[in-house]
Every structure is written in C-alpha cells, then in structure tokens.
Amino acid sequence: MAIEDDVLVIGGGLAGVTAALSAAEHGDRVRLISYKQSTLRHASGLIDVLGYAPDRGEGESREGDGRSEGPLSDPFDAIPDLPTGHPYERVGLERVREALLFFDAIVGDAYEGGHTPSNALVPTVSGTVKPTARYPASVAPGLASDARSTLLVGFETMPEFDAPLSAAHLRAADVPFPVRGATISFPGELRDDAKRTRYAHILDWDESVDTGTGAGSAPGRAVLAETIRPHLEREARLGLPAVLGEENTGVVRRDLEERLGVDVFEIPMGPPSLPGMRLEDLLYGALEEHGVRVTTGVPVVGCEASDGGRRVDHVLVDRKGQEVPYRADEYVLATGGLVGKGVRSSRDGVTEPIFDCHVPHPEDRYDWFVDDAFGDQPFARFGVAVDRELRPLDAREKPEFENLRAAGGVLGGYDYAAEKSGSGVSLATGYVAGRRAGKEVRR
Amino acid sequence: MSDSEPDRPTDDHVPDDEFEPVQVFPDAEEMDLRPGADNCYKCSTCDTNCPVAEVDDEFPGPKFQGPEQWRLKRGDDTDIDPSITKCSNCMRCDHACPSEVPLSQMHNTARGEYVEEHLNKRSLEYVRNRILSNYGTMARIGSKVPRLTNFVMGLSVTKWVNDRVLGITSEREFPKFATETFREWWDERGGAAASRERAREARATSGSESESESESENERKSEDKRVAYFHGDYANYNTPEVAKAMVRVFETFGYEVCVPDQRCSGTPMFANGMLDDARRAARFNVDTFRELVDDGYDVICSCTSCSMALRQEYPELFDFEGTETVAANTYDALEYLRIHEDLEAELAGSDVDAPDFAYHTPCHARNQGLDGQTLEVVDAIGGVEAHDVGDSCSGISGTYGWKTEHYETSMAIGEEMFQHMDSADADTGLTECPTCAMQMEHGTGYEIRHPLEVLEAALSTDVSPDQ
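Same order as they appear, the protein sequences are chains F and W.
For the first sequence, the working numbering assigns the number 1 to the initial residue and increments by one for each residue that follows.
For the second sequence, the working numbering assigns the number 1001 to the initial residue and increments by one for each residue that follows.
Structure, rendered in structure tokens:
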C-alpha cells in the first residue's frame, strides 16, 4: 500500500503552496510534501512579477550599450515580448493576471499593490530600490515614489542593516525625498547576535524591557519609541528593519505611529525574514483551511513509472532510511532551482533528481557560465523545459510523464535574480500547474 | 592534466577543457563533520526555530552549537562551550536547515565530548545526569515493588532530596510505575507463540471473508507478517496499556509480534552526552534486532523518540555491524500500518466512544515526516475528533525538563502548547511521545492518550481487556 491522494505537490515554497491551493479548488485530496521547513522564510515577502526585461537585466545595462534601462514600470506590458520558453510565455499573460488575483484573494489586507498593474519601488536593506508588484502592508508607507521625508533607524546589534549607509545609497540613487539614517541600541538586554525573532517577539507581546535610563523597566514598544524620538527631526515617516512583530505587526506599527506621530514602515531583510514568515503563516493557514494535507521533514527521492513509462505511478519518500511510497493521480514538481536543490549540478551535468527530467544545458561545462560575475549567466536559466501545460519535456521535446507538471524555480528559461521575477513565476506556474492537476483528477 | 604536470592546484590556472580540480582534503579516518559545517551558509533559520533560544537569551542557539563550535574547536585552544548542555535535543534545527547541515549530530558529538572531557565525574550534575539518562535501570529496580516505589517517589521528602541534592525538580510528579510491566503481561499471555496463534486466527478470519485463503496461503503470509516490537522502557514500566494496544492492533491485522530483550533506545543518553552508555545500549539493540531483521522481521516502535534513535542517531553516531540494516527496517507503528495495510478502508464505518482530543506532534515525529499522520488516521475514525494544537515544542525534551535548572525554561517553551490545548475543543490530550505526554498533563491537568490506544478502540469490538 502507498499513502494515497489525488494530487501530490512536491515542494513547500511559494510555487508548491500556490499549486496545492489551486489544485484544492478542483481535486478532493491534495497533499503537499516539503523536505524542510518552507523556504518562504528566506524570502523578502515581496511579490515581484517582472522588474527588468530579461535581455536588459541589471547586469547588462552596465555594459554600456547606451540604453541604461531602468526598472519596468508595467510588467504586464513586457510579458508579451518575452522569449519562447520563458515561464510567462508558457502560461500566457492572462494566467499571470489570474494568478495574482488568486494571491490577492488569499492574502487579503496583508498585501498591497493590487490597485495598479504598475510596479512599486520598494527601498531595500542596502539602499537600492526594487521594482515589485505586491508588497506587505507594513512596507507600503515606505515606497520610493512617495516624496515625504524619511528617517531610517537601524539597531547596533543588527549590522546587516546600516541605516546611515542605506540612506546614503538611497540619496545617491536620486530618490525624490530627503532621507537620513540613525543607529540606536535596541531596548532590552539582547545578546549581540540575538535572533531576528527575539526582536519581533519583544514587540509582538510588548515584553517588559530595561529602559536603559535607570528608570527600571517598561513595555518594549514604549521604550523603543522613546529611544527613537530624539533622532526624529521633521521627517514624516520612519523606516525600521522588518522585525516589527511576527503575529501582531499591525498593532506594533500602529502603536509606534501613535507614539511618534509619523508613519512607520518596514525595510525587507534577508533571511530569516519576518515578512517571509508572516507570508508562510498566511499561506499554510490557507492550506489548512482548504484541507490540504501537509507532510514535512522528509525528501522525495525517486519515482516509479507505470503505463510503459508514460505515467508516474508513485514517488518514494525517504523517511530516515526507508523509501515509503506515496501515490497520487497527478503530481506537481515544485522543488526549486539550483539553490533550492530541485536542480542539481555536478561536473558531469545538470539533473533534476526526483523524476530525472531532462534539463537542457551545454555539454561543455565551461559554457555554463561567463567570466563577468554579474554578466548574463547561462546557469541562471538552467531548469526543466515545459510544454504549455507545464509538463516537463524530454530531450525530444515530448512530455516526460502525462501526469507530472512543474512550477517555480525548477523551471528553466528565466533568470529570476536578474529579472526580479521569482515570486511571479512561482505564483503563475504554481497556479496553472495546480489547476490543471486538480482538473485532470476530476476527469 | 598532462602527465608531466604535477597535481598542483593554482589560482592563476587558465581554465580549459583539460583542467580538473583536485581533491585537496584527504579522506577522513574518523567521523568527519567538515562537509556538514561547510554546508552552513549562516541563514540562521535554525536559530529562529530553536525553542530554547526563544526563551533563553543566554543560549547561543544551534548555529553556534553546531557548525561554528565545530570550526572553533579545530583550534587547540578552544574548548566546547558549556552552553551545549542547554540544548534540549529536540532536533528542530535539523528540520529547519535548508542546507542539510547535520546539526543534531554535531550537537550530540559536541555534548559527548564536553561531558567526557570537562564534566567532573564526581560532580552531582554528572551523577544526576547519569541517573536520568539510565532511567531504565532505575525503573527495573523500582518496578519490582511498584506500589512501594510510587509511594516513596511521591513523598515530599523524596522530592525535596531530589530537588536540593540532585537537581531533579520537585515541581513534577514522578511517573507512576504500572503494577504489572508490559513484559510481565506479555510472558503471562504466552509470548511470541501466543501472538503467532492470534495473528494466524486473524488472518484466517479475514481470509475466510474472501473465501480464497488456504492454509498454505496463511502460512505464506506468516513469513511476511512478522514484526519485532521495540517498546522502550517507558511503555514497559509506566504505560503498558500503550504497548498492549500496539500488540493487539498488529495482531488484528494478522501480524505476529515478537518482543525481544532490549535496552533503552539511548535517547536520554544522547541528550545528556552519555555516549558510552548510549553506545552499550545501542550495540545491544542493534545485535538483537539485526538478527530479527535477517529473519524477515520489521522493527516497530510506539515511541517516536525511540524510532528516531534507531533510524537516525544510531547511524549518525555508531557503526556496529547491522546499524544501517536496523535503521532501514525500523518504523513507527502507525506509519507501518499506513504503508502496509489499507487502514482507511479498515476504519471506515468505525465508531468509537471516546472523548475528542487535543493532539500534539512531538518534535521527533515531525523530523521523521510523521506530522499530520495521526490527525489523518483519527480523521478516518468515526465518533472522535482530534484537534491539532500547533507546531510548537512541548518543552520537556525527555530528561531536560526534569532538571531543576531547566524546569522554568521547559515550562516557558511549553506555554504556547498549553494555551493551544486550553483553547482546543477537547479535554483529553493525544501524543506519541511519553515525555511530551508528561508535559501536556503537567501543564494542563488533562489525561493524555496514545494514538495506538485510539486505533485499538476503533478496531476492536470483542477483545477482552485482559488479553
């Protein structure tokens, strides 16, 4: 016996969760299996759709072809021009739009940006601005298109966000607002390498902390506000690293805003990312609501085919040494790319380890990269090639299996880092792959 | 590389088709955790998952305890940091790491080294930890006179001495010894021979329904349907009802159960850095179960920390002959039935008269991919609901929460689970892990059951309680 479901989604990131939710609208029994905790907590929490046109990515614009292309203002305008094989080209413009609506419906008020097809520009931790289609509500007051003066405040014990440096970078990038940075000591006696979540939880629960003024202790949010107050001059808004609570971010922000009389926003940070964790909570909550069964902690390591190799019969899950069969009618592969280990490389070649799907790549590994580190790297586009139903294709461009679809980072043909398209591709392909899988089951 | 050129890696080499990088590190002769340490790219996800670091600002967290400490102690002048003893061995960091760093293996080896080299063997801390990690020895003696032991352990003077002298918290009630151990019951019932007979009857009964089961067919199945039960100390001495449920459930499905001699799985020993004790226990268990696996038995555990030890920690820490074989043939009881039987069909139409449950997934179950399993099985049983109380750690982590100095940390970690249990629509707890069960009971006052007991109730209509 195997553990049986209608649809089995492999991978717990944005693509996998979207596929599972989308499949659950059609199929009865959907299971999501994730090797490790969701990688959403590594993500900024921003939902990029397309920030830069592929052939004019950040890397190339510096090469000096005279066309210093800035970020795209409307990603949907640029999608029809994408090359054949790009995941957006595969699913089509309309599905990308639908997928964003699908996302908007799941996250509700927690995200903004849906009012316009245009990209928003979000200040990043290093003082650049990033074009993105959807952003957490906590990020909204900080948009770079807003001309209000801004104070950025960082914490001594969190050197990864250097507020004065970040402000200087923003000024150098000619943002249309005055911006300064200041560094303070976060209230309480935290260790130098305290975890991001410690900051967040002190603010979430308004834990009592030492005021640092010899006046004993007081609630954390009040002490933080008082520590910041002397640094505020006439700024209209205040940017803080994205640690403003894990569960009560709205309350934390409102509390600080009322105390200081300015708008407060978050600057998205690298991992472990609180906005990523909040998105993870939201999406996994939705999975539970939709009755999706979730299994984590164990990797899918292989598969057995049936029907003369045309269909996936079951996959094998390595539960600490035993290979346990899981069977479903339809499968979605959403295991990520080279970083997420959904695509593996060795000196001998580039492979997709679970279904051994074909990954197109040059035979000579010296053709996998170019010398300019920020150049147009071929390896960044490595991944499975798919048909318009998102079924991975073999070397002869025939579907590897009738009942296997792929979504997200495991797909080839796009460079998410240069294009700023990672989340959008995961949403659009996850949405389409899950929907097809769910509908096939019903048939 | 051409023949005339020595294998010498250089930085200024112009890459061409003939260049192949060389292996610069020699093959390791002893356990080498360098690849694990090198895999860490410092994303700190483990730190944000550590329940101890969450409530204790002094604790540096798994990233330090694992890869960073491993590198530091390559130098001659750096000892293992004593904070390693604050790690509760919940192993959540393993589950969190996106880069396959063997964190708990690093912690177990570091803790072992710390205890071996830096803990005074005459200190009360060492004595206390040795006692706690060898619970089975204590239980074997205590359970000979269970009523007397229960009486003595419950005395306030005993608790006072334990707390003040040994550092075993007086806040907790010592678990009661059963008046009859599981193994006494098992022997009394007729041991493996009786189990074989019961399993055969169950197979004949289910076979007669399809009217195609011959005697020889039944015999053939006997070869396939054999399991060796690793009950661990706790189910033997303290909760024999769980062990009995396991036996009856498996017999219902036609499995012949055997219950070989065994020692503690080693879980409390790893957690206390008593690696020599753990090695002795593990060697005994591997020797015993290896032979049974060779004879066609699969190994079944009812405690998820026991299955974790046999499947993951034994192969990570030891290399006795058969360690991998035993690991590859060990299963959690429910998991095994889900793989080998059509459990949902069997449970369809079942109707159990039981209270609803507040279910907690033990961390060690989560790490084996068993999260959600119990909820899915209970979901298939009529008349009973199980409500998930979230993914937090119970905080007791075996012997950890028994130590006076860790009691408050343990309860602070458990707070989230207690709150969720409180707000769940149930007044009875459910979990696979005996020490999580202790913590759940301690924090809420609920009675706690094991999923096998619920499954037994769902499957049995005519089993008399003494059999």
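Backbone N, C-alpha and C define an ideal beta-carbon position, used for all residues, glycine too.
In terms of beta-carbon proximity, Thr1428/W stays away from the interface with chain F, with every pair separated by 9 Å or more. The continuous stretches of beta strand (DSSP E) do not include Asp1294/W, which lies in the alpha helix (DSSP H) extending over residues Leu1275 to Asp1294. Rounded to the nearest whole angstrom, the CA to CA distance from Leu411/F to Gln1105/W is 34 Å. One alpha carbon belongs to Gly11/F, the other to Tyr1237/W, and they sit about 41 Å apart. Closer than 7 Å at the C-beta level to chain F, one finds these residues of the segment 1362–1385 of chain W: Arg1366, Asn1367, Gln1368, Gly1369, Asp1371, Gly1372 and Glu1376. Distance from the CA atom of Ala1426/W to the CA atom of His1387/W, rounded to whole angstroms, is 8 Å. Boundaries of the beta strand (DSSP E) harbouring His1387/W: Ala1386 to Asp1388, taken from the DSSP string. Rounded to the nearest angstrom, the Cβ distance from Asp204/F to Gly245/F is 4 Å, consistent with a contact under 8 Å.
Just so you know, the alpha carbons of Ala1457/W and Tyr1359/W end up roughly 17 Å apart. A direct Cα-to-Cα measurement between Leu316/F and Pro131/F gives close to 40 Å. By a beta-carbon distance limit of 8 Å, Asn1089/W contacts His1107/W. Their separation comes to about 7 Å.
The beta-carbon of Gly285/F is placed no less than 9 Å from the nearest beta-carbon of chain W.
Secondary structure at Pro299/F: coil, using DSSP grouped into helix, strand and coil. Following the DSSP letters along the chain, one finds Val359/F in no alpha helix (DSSP H), marked with neither H nor E.
When Gly45/F, Thr128/F, Glu189/F and Ala194/F are compared, the shortest CA-CA separation from Ala167/F is found for Thr128/F.
Our two residues, Asp415/F and Pro378/F, have alpha carbons roughly 9 Å apart in a direct line. With contacts defined by Cβ atoms closer than 9 Å, Pro275/F and Ser44/F form a contacting pair. Interface flag for Met1/F against chain W is set, since a Cβ pair is found closer than 9 Å.
Annotation for Gly1382/W: Ser1350 and Asp1351 place their beta carbon closer than 6 Å to its own, counting only its chain and skipping 5 residues before and after.
Taking CB atoms only, Pro1082/W has no neighbour in chain F less than 9 Å away. For Val223/F, the closest of Met277/F, Ile267/F and Glu189/F by C-alpha to C-alpha distance is Glu189/F. When DSSP states are grouped into helix, strand and coil, Phe374/F belongs to the coil group. Secondary structure note for Val1326/W: its alpha helix (DSSP H) is the uninterrupted segment Thr1323 to Ala1328. Between Asp1425/W and chain F, the shortest Cβ-Cβ separation is not below 9 Å.
A distance below 8 Å between beta-carbons, with the five flanking residues on each side excluded, links Pro1362/W to the following residues of its chain, in chain order: Thr1304, Ser1305, Ser1394, Thr1431, Glu1432, Cys1433 and Cys1436. In the DSSP assignment, Tyr1229/W falls within the beta strand (DSSP E) that extends over Arg1226 to Phe1230. Val1101/W is positioned such that its CB atom lies closer than 9 Å to that of Cys1040/W. For Gln37/F, the chain W residues whose C-beta falls within less than 8 Å of its own C-beta are Thr1045, Asn1049, His1095, Ala1096 and Pro1098, listed in chain order.
The three-state secondary structure of Gln1105/W, taken from DSSP, is helix.
Residue range Arg196 to Asp204 is occupied by the alpha helix (DSSP H) that includes Ile202/F. At a cut-off of 9 Å between beta-carbon atoms, Ile1339/W makes contact with chain F.
A Cβ of chain W is located within less than 9 Å of the beta carbon of Ala194/F.
Looking at the DSSP output, Ser1410/W sits in no beta bridge, so it has no partner there.
Only residues of its own chain outside the window of five on either side were considered, and among them none has a CB closer than 6 Å to the CB of Arg1074/W. Taking CB atoms only, Val370/F has no neighbour in chain W less than 9 Å away.
Going by beta carbons, Lys320/F and Gly1369/W fall inside the 9 Å limit.
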